[in-house]
Structure formats: structure tokens, C-alpha cells
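One structure is given below, encoded as C-alpha cells.
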Amino acid sequence: INWLSLRNNSIEFIDSNAFSYLIHLKYLDLSLNRLNQFFSTSIKNCRLDNFLIYGNSKQRLTIDSQFIADIPNDSNISKTLFNYDFNQIKELYHLDYFPERPVHDFVSKIQIINSELFQNLLHVQSLEKLNLKGLLIERIQDKSFQDLKSLKSLDLSLNNLLEINHKTFDGLVKIEELSIAMNNISTIHDLAFTDLANLKHLNLSFNHLKTVSNNLFINLKSMINCDLSHNYLKQSLSLFQRNILVSLNLSFNEIDSINLKNMNFFPKLTEIDLGFNSLNDNNFDVVSFFHKLSDLAVLRIEGNAITSNLLKFYCSKYNVELYDFPQLENNFQEYYKNLEK
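Add 544 to the 1-based position in the sequence shown for my numbering, that's all there is to it.
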């Protein structure tokens with residue numbers, strides 16, 4: 545037997561040696577049962593590629609700490625790891641991973657991330673991606689990720705985080721992608737991203753940010769893409785003292801002024817979204833904007849009160865693709881005129 549599914553039964557207990565003799569088993573699905581506990585010895589001799597055990601206990605599913613360590617070294621399960629999400633696990637303190645086993649992804653149901661949660665992953669050099677998306681996380685203790693030295697991608701979106709402290713991401717020196725989108729974050733400490741010098745992509749969209757420190761992004765020397773859309777910010781490009789950005793999304797905020805006269809150039813910024821803010825012809829300095837964004841290719845400005853032809857003139861002059869409602873309206877008018885002909 546190399547494939548076994550026991551999904552969606554009413555299993556409440558599995559013996560500690562239940563599958564130990566199925567040495568050729570590669571796929572095991574125990575999802576949607578009533579398990580409260582699972583023993584690692586149950587699959588000790590299996591050569592699993594995939595192990596699914598989500599949607600079980602309504603209280604807390606207990607998996608003993610030797611779960612991965614007891615899987616044979618030549619098993620491929622570590623390549624796809626395992627899936628035990630949707631088990632309403634509320635708190636994890638220690639994960640005693642086998643120190644030489646590659647681990648690439650980790651998904652669970654957590655409300656609190658303890659500072660010692662990942663400490664035994666210190667010697668696992670291949671942990672590059674950590675997915676904690678769509679969970680119940682409300683709080684992350686300081687230095688919780690400090691042992692994940694090889695981590696390149698961290699997804700904390702769709703949680704209930706309220707703030708990011710100055711030591712939340714300490715130690716993530718190789719991180720390249722970070723998403724904290726769709727939380728309830730209203731406060732980010734100005735030193736929160738100090739260790740993230742290699743970060744390229746940052747997503748802070750759909751939060752409750754009203755203001756952030758002008759020094760928040762100062763250490764993000766590699767950041768090329770930033771999404772701050774769907775917040776309550778009045779600040780705009782003044783937040784970015786580093787001029788390596790390629791793409792910036794500031795749509796659906798409360799920005800009521802754009803004036804870049806006293807700012808550095810943004811020679812690599814090719815796309816910016818300023819749609820649905822509070823901009824108008826009087827508070828948007830078009831001349832300084834195009835002067836400082838010399839490589840701009842796409843400008844989105846829908847949902848603002850900008851009607852001046854000066855913006856269109858500069859977009860045409862510098863071959864910038866412009867997205868704005870008046871332009872769309874004019875296109876529709878031309879369309880209907882052609883229909884009448």
C-alpha cells in the first residue's frame with residue numbers, strides 16, 4: 545500500500561503503531577476526523593511524501609515533539625512537509641525538529657507565537673519559507689524568528705496583529721519577501737525592519753496605519769516593491785529615503801499632498817499607484833513629481849479630483865501610461881461618437 549485516505553470519518557483514536565508496518569506508504573490523509581492526539585510512532589517506518597491531518601480536534605490536537613524526528617531520514621515528507629492546519633491549535637511553544645532534516649514550509653493554527661518556538665531550527669539551513677497566513681495570530685513575542693537565519697519568505701497576512709514591535713523580526717537577515725497584509729496593525733516601531741537589509745518585497749496593505757516613522761524604511765536597502773494600499777496614511781513618497789523602489793502602491797489612503805521639490809530622485813521607480821486618495825490640482829505638484837521620477841512608466845491616479853491637462857501633458861511627454869477616470873470617460877465618449885457615425 546502506498547496511498548491511504550481515511551478522511552472524513554469519525555476516528556477518535558489511532559494506535560501508536562497503527563501504520564508502522566506500511567513501509568511503502570507515501571500518502572496518508574487523516575483529515576476531518578475527531579482526533580485529539582497523534583503519536584509520531586504511528587508512521588515511524590513510513591516513507592511519506594504527503595501527510596494530511598487537518599480539521600480534527602475542536603479543542604487542541606496534540607502531536608508529540610518527536611513527530612518529525614521519528615520519520616525515517618530518507619523519507620521525502622520533509623520536502624512537502626505536512627499539513628495540520630485548521631485544528632484550532634492556539635499556542636505552540638517548542639517544535640523539536642530533527643536538526644538535519646530539511647524543512648521548507650510550516651503551517652498551523654496559532655494565536656500566540658512564543659519567542660522559543662523555532663529555536664531548535666537553528667541548524668536547519670534549508671528553511672526558506674514560512675507560511676502563517678490566515679491564522680488567529682494576535683501577538684508575536686520579541687525575537688520569535690531570530691533562529692530562522694535562512695528564511696527568505698514570511699507570510700503573516702490575514703491575522704489579527706495589532707502592532708509590530710522593534711524586535712519582532714530580529715535575526716531575519718536573509719528575508720526577501722514579507723507580507724503582513726490584512727491585519728489590524730496600527731503601530732509599527734521605527735526600528736522594526738532594522739535587520740531586513742535584503743528585503744525586496746514588502747506588503748503592508750489592508751491595515752490601520754495612520755502614520756509611520758520617516759525612518760521606518762531607511763534600512764531596507766534592497767526593497768524594490770512596497771504595498772501600503774488600503775490604510776489611512778497621509779504620507780507618501782516622503783517615507784522612502786532610499787531611491788531603489790521599482791513599484792509602489794499607495795492607493796486607498798488619505799494622501800492630500802504630493803510635492804517632491806525637496807526630495808531625492810527616484811530613478812528606478814517605474815510604477816506608482818496613487819488611486820483613491822485626496823489629491824487634486826492644487827495639492828499635486830506635477831512638475832516636481834515627474835522631475836524626480838525620471839523612469840516612471842505607469843501612473844495610476846483614479847479616484848482623485850485631478851482634472852488639469854498638465855498631468856496628461858507630462859504623461860504624454862515622458863511616455864507614461866496614465867490610468868485616471870477622466871481619461872476613461874473621454875475614451876467612452878469617443879467610443880459612443882464612433883457608434884453614432
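We put the CB at the ideal spot given by N, CA and C, even for glycine. Because the structure is a prediction, the values reported are computed rather than measured.
Handout entry: Continuous beta strand (DSSP E) assignments of at least 3 residues falling wholly in the region 691-751
Key = Secondary structure remark: continuous beta strand (DSSP E) runs of at least 3 residues inside the region 691-751, in chain order: 697-699, 721-723, 745-747.
Handout entry: First and last residue of the uninterrupted alpha helix (DSSP H) at L854
Key = As a position in the sequence shown, residue 854 is number 310, starting the count at 1. It spans 853-861 - the alpha helix (DSSP H) in which L854 sits, taken as one unbroken run.
Handout entry: First through last residue of the alpha helix (DSSP H) which encompasses K836
Key = Position 292 of the sequence shown, counted from the first residue, corresponds to residue 836. First-last of the alpha helix (DSSP H) with K836: 830-836.
Practice task
Have a look at T738 and N824 and give me their C-alpha separation to the nearest angstrom.
Solution key: By one-based count along the sequence shown, residue 738 stands at place 194. By one-based count along the sequence shown, residue 824 stands at place 280. Their backbone Cα atoms lie some 35 Å apart in a straight line.
Handout entry: N- and C-terminal bounds of the beta strand (DSSP E) containing L866
Key = Within the sequence shown, the letter at position 322 stands for residue 866. Note, L866: beta strand (DSSP E), 865-867.
Practice task
Determine, using beta carbons only, whether L789 and F810 come nearer to each other than 8 Å.
Solution key: Within the sequence shown, residue 789 is the residue found at index 245, counting from 1. Within the sequence shown, residue 810 is the residue found at index 266, counting from 1. Yes, Cβ-Cβ distance for L789 and F810 is below 8 Å.
Practice task
Check each candidate in N775, A741, F857 and name the one with the smallest Cα separation from V756.
Solution key: Looking up residue 756 in the sequence shown gives position 212. The shortest C-alpha separation from V756 is found at N775.
Practice task
For Y571, write down the residues that DSSP places opposite it in a beta bridge.
Solution key: As a position in the sequence shown, residue 571 is number 27, starting the count at 1. Note: Y571 sits in a beta bridge opposite W547, N594.
Problem - Nearest candidate by alpha-carbon position, reference S681, set D714, I729, F784, K711 - result: Residue numbering aside, residue 681 sits at position 137 when the sequence shown is read from its first letter. In the sequence as presented, Ser is not what sits at residue 681; that position holds Ile. Among D714, I729, F784, K711, the Cα nearest to that of I681 belongs to I729.
Exercise for the section: Inspect the beta-carbon positions of N594 and I567 and report whether they are closer than 8 Å. Expected result: Numbered from its first residue, the sequence shown carries residue 594 at position 50. Numbered from its first residue, the sequence shown carries residue 567 at position 23. Contact flag unset, no.
Handout entry: Whether D714 touches Q690 by CB criterion (8 Å)
Key = For this step, residue 714 is matched to residue 170 along the sequence shown. For this step, residue 690 is matched to residue 146 along the sequence shown. Against a cut-off of 8 Å, the Cβ pair of Q690 and D714 comes out as a contact.
Practice task
Flag this pair as yes or no: are the beta carbons of L740 and A725 separated by less than 8 Å?
Solution key: Working through the sequence shown from its first residue, we reach residue 740 at position 196. Working through the sequence shown from its first residue, we reach residue 725 at position 181. The Cβ atoms of L740 and A725 do not sit closer than 8 Å to each other.
Handout entry: Proximity winner among S560, E721, S860, relative to L743 (alpha-carbon distances)
Key = If you number the sequence shown from 1, residue 743 lands on position 199. Residue E721 is the option with its Cα nearest to L743.
Problem - Alpha-carbon to alpha-carbon, N806 and Y862 - result: As a first step, residue 862 is located in the sequence shown; it is residue number 318 there, counting from the start. As a first step, residue 806 is located in the sequence shown; it is residue number 262 there, counting from the start. Between the alpha carbons of Y862 and N806 lies a distance of about 22 Å.
Exercise for the section: For V842, write down the residues that DSSP places opposite it in a beta bridge. Expected result: In the sequence shown, counting from the first residue as 1, residue 842 sits at position 298. E815, E865.
Practice task
Quick one: residues in its chain with C-beta nearer than 7 Å to the C-beta of N759, no 5 flanking neighbours on either side, listed in chain order?
Solution key: The residue you call residue 759 lines up with position 215 of the sequence shown. D734.
Practice task
Just the C-alpha distance for C770 and L837, rounded to the nearest angstrom, thanks.
Solution key: Locating residue 770 in the sequence shown gives position 226, where the first residue counts as 1. Locating residue 837 in the sequence shown gives position 293, where the first residue counts as 1. When the Cα atoms are used, C770 and L837 turn out to be separated by approximately 16 Å.
Exercise for the section: Tell whether a beta-carbon distance below 8 Å holds between L705 and N727. Expected result: Within the sequence shown, the letter at position 161 stands for residue 705. Within the sequence shown, the letter at position 183 stands for residue 727. Yes, these two residues count as a Cβ contact at 8 Å.
Practice task
Could you round the C-beta distance between L804 and L777 to whole angstroms and report it? I think they count as a contact, below 8 Å.
Solution key: Position 260 of the sequence shown, counting from 1, holds the residue named residue 804. Position 233 of the sequence shown, counting from 1, holds the residue named residue 777. Not confirmed; about 16 Å, so no contact.
Problem - Short Cβ contact (8 Å threshold) for D817 with S860 - result: Here residue 817 refers to the residue found at position 273 when the sequence shown is read from its first residue. Here residue 860 refers to the residue found at position 316 when the sequence shown is read from its first residue. Not in contact: D817 and S860 (Cβ atoms no closer than 8 Å).
Exercise for the section: Go ahead and pull the three-state DSSP assignment for S791. Expected result: Residue 791 sits at position 247 when you count from the first residue of the sequence shown. In the displayed model, S791 falls within a strand according to three-state DSSP.
Problem - When L855, I558, N751, G678 are compared against H835, the one with the closest alpha-carbon - result: As a first step, residue 835 is located in the sequence shown; it is residue number 291 there, counting from the start. Comparing Cα positions, the closest option is L855.
Practice task
Apply the 10 Å Cβ neighbour rule to A736 and answer buried if 16 or more other Cβ atoms are within range, or exposed otherwise.
Solution key: Locating residue 736 in the sequence shown gives position 192, counting from the first residue. Under a 10 Å Cβ-count criterion, A736 is classified as buried, with 16 or more other Cβ atoms of the shown protein chains found around its own Cβ.
Handout entry: Minimum C-alpha distance to S852 - residue among D868, V842, V864
Key = Reading the sequence shown from its first residue, position 308 is the one you call residue 852. Looking only at D868, V842, V864, the smallest Cα-Cα distance to S852 is reached by D868.
Handout entry: Which of helix, strand or coil DSSP assigns to L783
Key = Start at 1 with the first residue of the sequence shown, and residue 783 comes out as number 239. Residue state, collapsed to three classes: helix.
Exercise for the section: Output the distance between the C-alpha atoms of I550 and L702, rounded to the nearest integer angstrom. Expected result: If you number the sequence shown from 1, residue 550 lands on position 6. If you number the sequence shown from 1, residue 702 lands on position 158. Correcting the residue identity first, residue 550 is Leu in this sequence and not Ile. About 30 Å.
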